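Under our numbering, residues 70 to 303 are what the sequence shown spells out, in order. The structure appears below as structure tokens.
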Amino acid sequence: MSTKTDALTAQLPADTADKLLDAAERLFAERGFNGVSTRAITEAAGVNNAAAHYHFGSKAALISAVFERRLGPINRHREELIAHVLNAGGSAPDISAILKAFIGPTLGIGNSPGEQSFKILAARSSMDPSPEVRKTVFSFYHSVGKAFIDAVTKACSHIDRKELAWRLACVYGAMLYIRGDNGRIQEILGDDISFSDPDEALEHVIPFLTAGLSLPPVKSGSPIKPARTSKKTR
């Protein structure tokens, strides 16, 4: 680092890192990772360019820090809750308890502007093709995701791994959609549904997903066939 940069960063206020994280979180949520430059983030944060390099080093490190700030403590809590379910004993882990341990903490992210931005960012990042974002997302979800899948595998020994994988894909889809809370489902269903209350969401989601994971195996070679339509309606 140059002497000039050292002099600039030495004068940075203590909350500069938080300002950068707040600005990055909002802009990444609005425009995506590739749609935002480091300069745009520093301008939105009201700090100089040297600040971003001093605190984070790169844009990839910055989005990783955004995830760590919001998701790091939550994921550690999720792993603790899953471990508690597994240590409760019994012939098989409680599927409902595993789901609640995994999904509940993520729905507890609040509705402040910053938290709303992160929920949008998390949903957007799950589909982002850029290597930097994929690496960040995978690194933050790998450990807790493995703990969850291992726990569900123990609880769902009645079905094979391929069928379990399809059911887990549905679990992840429901969780990501609800957590993203982009307002689309409310446009379709109106005021009968709101994702703002995590307890209410869990009250409906957990029994539904538990039932799906608990279903007996689909009969091999007997897929569900679509209803036949007459030639007149084709």
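Using N, Cα and C, we set each Cβ at its ideal position, and we do this for glycine too. Because the structure is a prediction, the values reported are computed rather than measured.
Query                                                                                                                                                                  : Result
Let me confirm a value: S186 is counted as buried when at least 16 other C-beta atoms fall within 10 Å, else exposed. Which label applies?                             : buried
Considering only their Cβ atoms, is the gap separating T111 from N103 smaller than 8 Å?                                                                                : no
Evaluate N180 with the Cβ neighbour count: other Cβ atoms within 10 Å of its Cβ, from every protein chain shown; 16 or more gives buried, anything less gives exposed. : exposed
Classify S212: buried if its beta carbon has 16 or more other beta carbons within 10 angstroms, exposed otherwise.                                                     : exposed
Check for me: the alpha helix (DSSP H) holding F207 runs from which residue to which?                                                                                  : P200 to A224
Tell me, to the nearest whole angstrom, how far the beta carbon of A161 is from that of A224; I am working on the premise that it is less than 8 Å.                    : 5 Å
With the cut-off set at 8 Å, would you say Q255 and I262 are in Cβ contact?                                                                                            : yes
Quick one: residues in its chain with C-beta nearer than 8 Å to the C-beta of S299, no 5 flanking neighbours on either side, listed in chain order?                    : Here the model assigns S299 a pLDDT of 45, short of 50, so the residue's position is not dependable, and the following value carries that caveat. Once the five neighbours on either side are set aside, S299 has no close Cβ partner at all.
Taking its Cβ as the centre, do 16 or more other Cβ atoms sit within 10 Å of D91, making it buried, or is it exposed?                                                  : buried
I'd like to know whether the C-beta atoms of F217 and F171 end up nearer to each other than 8 Å.                                                                       : yes
Rounded C-beta distance between E232 and V274? I'm assuming under 8 Å.                                                                                                 : Not really, about 21 Å apart at Cβ, beyond 8 Å.
Does I247 come out as helix, strand or coil in the three-state DSSP assignment?                                                                                        : helix
Tell me whether the beta-carbon of A134 lies closer than 8 Å to the beta-carbon of F125.                                                                               : yes
Using three-state DSSP, classify V116 as helix, strand or coil.                                                                                                        : coil
My parser needs the beta strand (DSSP E) runs of 3 or more residues fully inside the region 118-151; what are they?                                                    : none
Within 10 angstroms of the Cβ of R100, are there 16 or more other Cβ atoms? Answer buried if so, exposed if not.                                                       : exposed
Taking its Cβ as the centre, do 16 or more other Cβ atoms sit within 10 Å of E149, making it buried, or is it exposed?                                                 : exposed
Helix, strand or coil for S283, going by three-state DSSP, please let me know.                                                                                         : helix
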